[in-house]
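Numbering (UniProt numbering), first residue to last: 1 to 786. No residue lacks a Cβ here, since even glycine has one placed at the ideal position from N, Cα and C. Here's the structure we're looking at; comments come further down.
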């Protein structure tokens with residue numbers, strides 16, 4: 001039997017003042033947050049606890065007791081969540097370089113791309129850079145069109161001489177280049193100053209070269225040697241500079257609009273939450289209040305057709321809840337008194353009264369949003385290749401552009417050789433922008449994680465998405481993973497000299513401190529029989545094998561045979577009864593009082609209806625499934641036989657699960673671990689992909705790389721398929737970007753000129769550069785419909 005202990009995470013909160021501030025102002029009226037329940041409190045020396053050089057303040061003795069039982073659980077959880085949540089909604093980051101964060105919009109100092117909010121919000125305004133670029137584009141587009149028309153047909157409009165035409169083109173193109181293209185020059189200069197060459201370095205150099213060359217050719221034509229003249233005139237490229245700016249602006253507009261769609265999943269999740277809740281006052285009257293005003297333990301009414309405001313437990317009524325928006329489960333789930341409900345899900349049937357348990361950032365919806373955002377901003381291992389290439393790519397391109405200029409100028413056709421050299425050099429600079437290369441994997445990851453979230457699968461980071469497809473061995477826990485995780489009481493077998501009622505009363509009393517599903521079944525049965533329970537003292541969890549503590553002055557141990565052996569309790573008198581119960585698939589716990597065997601309790605946990613189908617799908621995918629459970633070997637054998645699992649292990653401790661993972665990895669297996677309890681956490685963290693059931697404990701979820709919100713093993717196969725599709729999409733994007741640049745640069749350098757007699761115009765190069773980035777994003781967005 002896997003017996004583990006957690007604290008009541010239904011009352012977790014996570015913001016409190018730092019240690020120094022607490023020490024200096026513990027007697028002030030500054031508001032703090034109760035780390036257990038999340039309520040705002042004032043500093044009270046009578047309701048204070050110190051832990052690891054930090055002071056924590058509480059609203060009641062109940063919250064202090066919960067904290068005292070295991071302070072590390074709350075303090076460490078609070079610390080990690082505060083660190084993770086602090087920048088959300090306030091910081092801006094680069095889609096290609098998530099390590100870049102700053103508190104205001106701007107450009108990435110590495111690649112020059114525009115930064116975007118770490119966490120999008122429903123009420124956020126349109127991207128200010130998109131608005132700015134759109135204004136610059138539309139105001140200067142007519143000027144670009146006129147300049148281009150003059151360049152193509154100006155000789156018929158100005159037969160007297162080309163100088164007049166050049167002056168007009170100069171006047172018309174200047175606003176386009178200097179005003180519309182100003183952001184590009186700023187980014188170019190910034191990249192050079194930071195010694196971080198990027199796409200804007202190439203664009204800035206290309207546009208400025210074309211524009212400055214044309215200005216000098218217009219104002220001081222005699223400056224150029226005769227070799228630069230064609231029919232006595234020095235050619236200008238105002239139209240190339242203007243068109244490059246306009247096309248780059250257009251590409252940025254399309255790219256920014258497409259990138260905004262990658263946050264659609266988060267925005268759709270944010271939109272699920274209702275704005276108000278209907279609170280029931282102590283006098284029985286009801287009022288509608290803003291969702292932010294809901295507190296822990298508030299009683300809330302959820303009428304038919306309304307959304308559940310926060311995570312809680314049903315206290316009155318019965319209904320069917322549509323949870324498809326969070327779990328992907330198409331059928332409504334029946335909810336009765338005592339059942340948990342999730343905030344933002346839809347009440348389709350009768351009226352319910354719920355007691356709020358988690359509010360604000362602690363609700364499942366908020367945690368989903370945070371996990372999706374974190375995963376979208378993580379860096380995929382495959383991105384390292386693109387980063388290494390891009391690091392030197394710009395310098396190589398500039399070198400190729402210089403060599404192209406010199407090659408054409410010195411060895412090209414006699415008359416326009418330097419003109420050809422100039423045109424090809426500018427084309428090389430423009431077409432070789434590495435934007436598509438940089439966007440190849442981040443866009444795929446953002447689209448995939450958003451899609452996964454809508455199907456009830458939460459990836460912690462991009463590495464988990466890449467690794468999932470490699471898995472060939474899956475270790476699964478039993479309770480809550482293969483089974484429903486909602487065990488029901490079966491029977492009691494009392495030892496000689498004890499009665500069933502006393503055994504149940506003692507077991508339920510010690511199990512009050514545990515959140516394990518088996519413990520819930522025992523406590524629920526005791527309360528059903530209206531037994532009086534005693535608060536345990538010196539409670540502790542013997543990880544994976546049971547619990548210990550004191551009840552009414554007696555030393556109590558409740559767990560499997562391993563725990564009995566540690567306590568030196570002779571459990572053999574009831575071994576035959578235990579074996580018979582296990583052969584029926586029940587989980588058996590021995591109870592000892594003051595070192596003597598008091599009895600045993602059997603609890604049954606039905607196998608999930610979807611488990612058999614899920615295991616068949618996984619086997620068909622070539623994945624070997626192994627069961628490792630803390631339950632007795634006989635119980636494990638019974639469940640394994642029903643599910644046709646050939647390899648299984650019973651009475652496994654947390655360290656044994658971890659050792660099993662490590663052993664299989666040494667054998668060359670790519671191991672994933674699926675579980676839902678504290679005892680699974682070490683193995684979840686060690687596996688290449690740790691898979692937590694969303695119905696499990698916070699510790700398991702925090703240790704995992706993938707969380708299945710509805711705890712359905714079928715989602716593992718879905719996650720694997722999504723991993724395959726995502727990696728394939730990234731390969732397509734990277735391949736396209738590499739092929740584009742490997743073909744584009746030679747074409748821009750004039751490779752086809754000996755065969756066609758034409759060079760690639762810088763304008764065409766600018767169009768190709770913009771479309772390449774957009775095409776990568778569009779390809780990534782296909783994952784949203786997979």
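Looking only at its own chain, which residues have a Cβ that is under 8 Å from the Cβ of residue i, when we skip the five neighbours before and after it?
i: residue 402; result: 425
i: residue 796; result: In the structure as shown, the chain begins at 1 and stops at 786. Residue 796 is therefore absent and cannot be evaluated.
i: residue 595; result: 555, 567, 568, 569
i: residue 48; result: 26, 55, 56, 57, 58
i: residue 774; result: 251, 254, 255, 258
i: residue 23; result: Because residue 23 sits at a pLDDT of 36, beneath the cut-off of 50, its placement in the model cannot be relied upon, and the point is left open.
i: residue 189; result: 204
i: residue 100; result: 93, 94, 108, 109, 110, 115
i: residue 619; result: 625
Could you give the first and the last residue of the continuous beta strand (DSSP E) run that contains residue i?
i: residue 56; result: 54-57
i: residue 356; result: 352-358
i: residue 623; result: Premise fails: residue 623 is in no beta strand (DSSP E) and is neither H nor E.
i: residue 290; result: 286-290
i: residue 48; result: 48-51
i: residue 279; result: 276-280
i: residue 557; result: 554-559
i: residue 753; result: Here residue 753 belongs to no beta strand (DSSP E); instead the alpha helix (DSSP H) covers 753-756.
i: residue 322; result: 319-322
i: residue 674; result: 671-675
i: residue 301; result: 299-302
i: residue 647; result: 647-649
i: residue 335; result: 333-335
i: residue 178; result: That residue, residue 178, is in no beta strand (DSSP E); it is neither H nor E in DSSP.
State buried or exposed for residue i, treating a residue as buried only when at least 16 other CB atoms are found within 10 Å of its CB.
i: residue 396; result: exposed
i: residue 152; result: exposed
i: residue 220; result: exposed
i: residue 445; result: buried
i: residue 787; result: The requested residue 787 does not occur in the structure, where the chain is confined to residues 1 to 786.
i: residue 337; result: exposed
i: residue 481; result: buried
i: residue 680; result: buried
i: residue 573; result: exposed
i: residue 392; result: exposed
i: residue 581; result: buried
i: residue 772; result: buried
i: residue 545; result: buried
i: residue 28; result: Any reading at residue 28 needs caution, since the residue's pLDDT is 40, under 50, leaving its predicted position unreliable; the model's value is listed next. Exposed is the call here.
i: residue 735; result: exposed
i: residue 632; result: buried
i: residue 7; result: For residue 7, the pLDDT reaches just 34, beneath the cut-off of 50, and the residue's location in the model is therefore unreliable, although a value from the coordinates is still provided. Under this definition residue 7 is a buried residue.
i: residue 694; result: buried
Excluding the five sequence neighbours on either side, which residues of its own chain have a C-beta within less than 6 Å of the C-beta of residue i, listed in chain order?
i: residue 210; result: 237, 240, 241, 426
i: residue 147; result: 169, 172, 173, 238, 239, 242
i: residue 712; result: 610
i: residue 586; result: 490, 602, 604
i: residue 316; result: 353
i: residue 793; result: Only positions 1 to 786 of the chain appear in this structure, which leaves residue 793 out of reach.
For the alpha helix (DSSP H) that contains residue i, what are its first and last residues?
i: residue 316; result: Where residue 316 is concerned, there is no enclosing alpha helix (DSSP H), although the beta strand (DSSP E) it sits in stretches over 311-316.
i: residue 638; result: 633-643
i: residue 654; result: 654-666
i: residue 186; result: 182-193
Could you pull out every residue in the same chain whose Cβ sits closer than 7 Å to the Cβ of residue i, ignoring the five residues on either side in sequence?
i: residue 207; result: 177, 181, 184, 241, 244, 245
i: residue 408; result: 417, 420, 421, 424, 750
i: residue 282; result: none
Cβ contact (3+ pairs, closer than 8 Å) linking the stretch 549-556 and the stretch 448-461:
no
Segments assigned beta strand (DSSP E), at least 3 residues, entirely inside the stretch 504-545
537-542
With contact counted as at least three CB pairs below 8 Å, one residue from each stretch, are the stretch 530-541 and the stretch 560-570 in contact?
no
Within 8 Å, do at least three Cβ pairs link the stretch 713-732 to the stretch 506-525?
no
Whole alpha helix (DSSP H) runs in the stretch 564-620 with 4 or more residues, listed along the chain?
575-583, 611-620
Can at least three beta-carbon pairs, one atom from the stretch 199-207 and one from the stretch 174-184, be found at a separation below 8 Å?
yes
Whole runs of the beta strand (DSSP E) within the stretch 685-741, excluding any shorter than 3 residues
Runs of the beta strand (DSSP E) inside the stretch 685-741: 689-693, 706-708.
Quick one: which unbroken beta strand (DSSP E) runs of 3-plus residues sit fully inside the stretch 461-495? Chain order, please.
473-476, 488-494
Can at least three beta-carbon pairs, one atom from the stretch 743-754 and one from the stretch 630-650, be found at a separation below 8 Å?
Below 8 Å, too few C-beta pairs join the stretch 743-754 and the stretch 630-650 to call them touching: fewer than three.
If you pair each beta-carbon of the stretch 621-629 with each one of the stretch 599-609, do three or more pairs fall below 8 Å?
no
Taking three-plus beta-carbon pairs below 8 Å as touching, is the stretch 350-358 in contact with the stretch 304-312?
yes
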